[in-house]
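Encoded as structure tokens, the structure appears first; notes follow it.
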Amino acid sequence: MRALFAVVLLLLPGTALAEDLRIFASQDEVAISSNFNGIDIGLFGAIRRDRATVARAADYDVVVTVAGPPADLVVRRKDEILQLWINRASEVFRSVPSYFATLSNRPVRDITNDAVRERFGLGSDRVVLDRSAAGDAGPEEVELFRSALVRLRRSEGLYVDEPRAIAYPMEGILQARLHLPADTPDGLYTVRAYLFAGGVLLATDVASFEVVKTGIEELAFDVSRQQPLLYGIVAVVLSVMVGWIGGVVFRRD
424 MRALFAVVLL LLPGTALAED LRIFASQDEV AISSNFNGID IGLFGAIRRD RATVARAADY
484 DVVVTVAGPP ADLVVRRKDE ILQLWINRAS EVFRSVPSYF ATLSNRPVRD ITNDAVRERF
544 GLGSDRVVLD RSAAGDAGPE EVELFRSALV RLRRSEGLYV DEPRAIAYPM EGILQARLHL
604 PADTPDGLYT VRAYLFAGGV LLATDVASFE VVKTGIEELA FDVSRQQPLL YGIVAVVLSV
664 MVGWIGGVVF RRD
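Add 423 to the 1-based position in the sequence shown for this note's numbering, that's all there is to it.
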């Protein structure tokens, strides 16, 4: 309802650029608990064109990217030496999105050129990964490590491309469905929308929503971060108790 209301406001008369784009998520917060098995979130948007703007020959295209909370990751290459697999070269990537989805009304490669895709990170194969100076991989190996990281995230269902996810239920209105898998990381998710016509970028917009832990998961996470010593003591005590109870049960058997 909040997103729909915002879209309606955008379509009301007022000062506008030649083309304007707005994007909204159906909810500001997604709560996950121990039985969370995934959820679909609605994304809604509106395209507004100034009446003075001449109609374009090409239809509008929209690309939406959704990036999860970032983290630094180390990618290592293993080589077999004397029948042993040993870590050799490695590469450190900074601020890697823990989740990354690209939604569009048609394949992104048909919407714009590679230079634009690379600049804005349109597509999981173009996600922006900052290389750290700490890595020891040579320049020619960096792209191999980058590709390996993307393949891994794709296999985990955390990097996805949906080339026909965006629909236009009515003129000037767009909608899409975003799926968050069961192992969705918690944190802030950034939604970026891009409006194209004839391969030219016309407008952009940014929105966000947050994935938060609830229940015992949230309590355990907060304690582990704020009071790590207490968390460690409780974990050890619980482990001892579980072991003792298990020993008693087996002795009775």
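A virtual CB, placed ideally from N, CA and C, is assigned to each residue, including glycine.
Cut-off 7 Å between Cβ atoms - residues of its own chain near P520, not counting five sequence neighbours on either side: The residues are A490, G491, P493 and V550.
Taking the C-alpha atoms as reference points, what is the distance between A599 and L624? So the alpha carbons of these two residues sit roughly 20 Å apart.
Cβ of L526 within 8 Å of Cβ of E594? Contact check for L526 against E594 fails: the beta carbons are separated by 8 Å or more.
Can you say whether L575 is buried or exposed, counting buried as having 16 or more other CB atoms within 10 angstroms of its CB? L575 is exposed by the Cβ-count criterion.
With which residues is P493 paired in a DSSP beta bridge? P520, per the DSSP bridge assignment.
Cross-strand partners of S547 (DSSP beta bridge): Partner(s): none; S547 has no beta bridge.
Going by beta-carbon coordinates alone, are S513 and T637 separated by less than 8 Å? No. Outside cutoff.
Beta-carbon within less than 8 Å of D482's beta-carbon, same chain only, minus the 5 sequence neighbours each way: which residues are those? A620.
What are the boundary residues of the beta strand (DSSP E) that D584 is part of? Run containing D584: Y582 to E585, per the beta strand (DSSP E) assignment.
Taking the beta strand (DSSP E) that D533 falls in, what are its first and last residues? In this chain, D533 is not harboured by any beta strand (DSSP E); it is covered by the alpha helix (DSSP H) spanning V531 to I534.
Got a sec? Which residues, its chain only, sit under 8 Å from V573 by beta carbon, not counting five neighbours each side? S547, D548, V550 and Y582, listed in sequence order.
Collapsed DSSP secondary structure at E452 in the structure displayed: Note: E452 maps to strand in three-state DSSP.
Per-residue DSSP class, three states only, for L567: Note: L567 maps to helix in three-state DSSP.
Per DSSP, S631 forms a beta bridge with which residues? Under DSSP, the beta-bridge partners assigned to S631 are T613.
By how many angstroms is the C-alpha of F459 removed from the C-alpha of I534? The alpha-carbon atoms of I534 and F459 are separated by roughly 35 Å.
Buried or exposed: where does N528 fall if 16 or more other Cβ atoms within 10 Å of its Cβ makes it buried? Flag for N528 reads buried.
Between G622 and the rest of its own chain, which residues show a CB-CB distance below 6 Å, the 5 nearest in sequence each way excluded? Hits under 6 Å: T535.
Beta bridge counterpart(s) of R472 as assigned by DSSP: E442, per the DSSP bridge assignment.
Which of the three DSSP states, helix, strand or coil, is assigned to L575? In the structure shown, L575 sits in a helix (DSSP, three-state: H, G or I).
To the nearest angstrom, how far is the alpha carbon of A538 from that of R445? Spanning the alpha carbons of A538 and R445 requires a straight line of approximately 24 Å.
Would the beta-carbon of D463 fall within 8 Å of that of H602? Cβ atoms of D463 and H602: closer than 8 Å.
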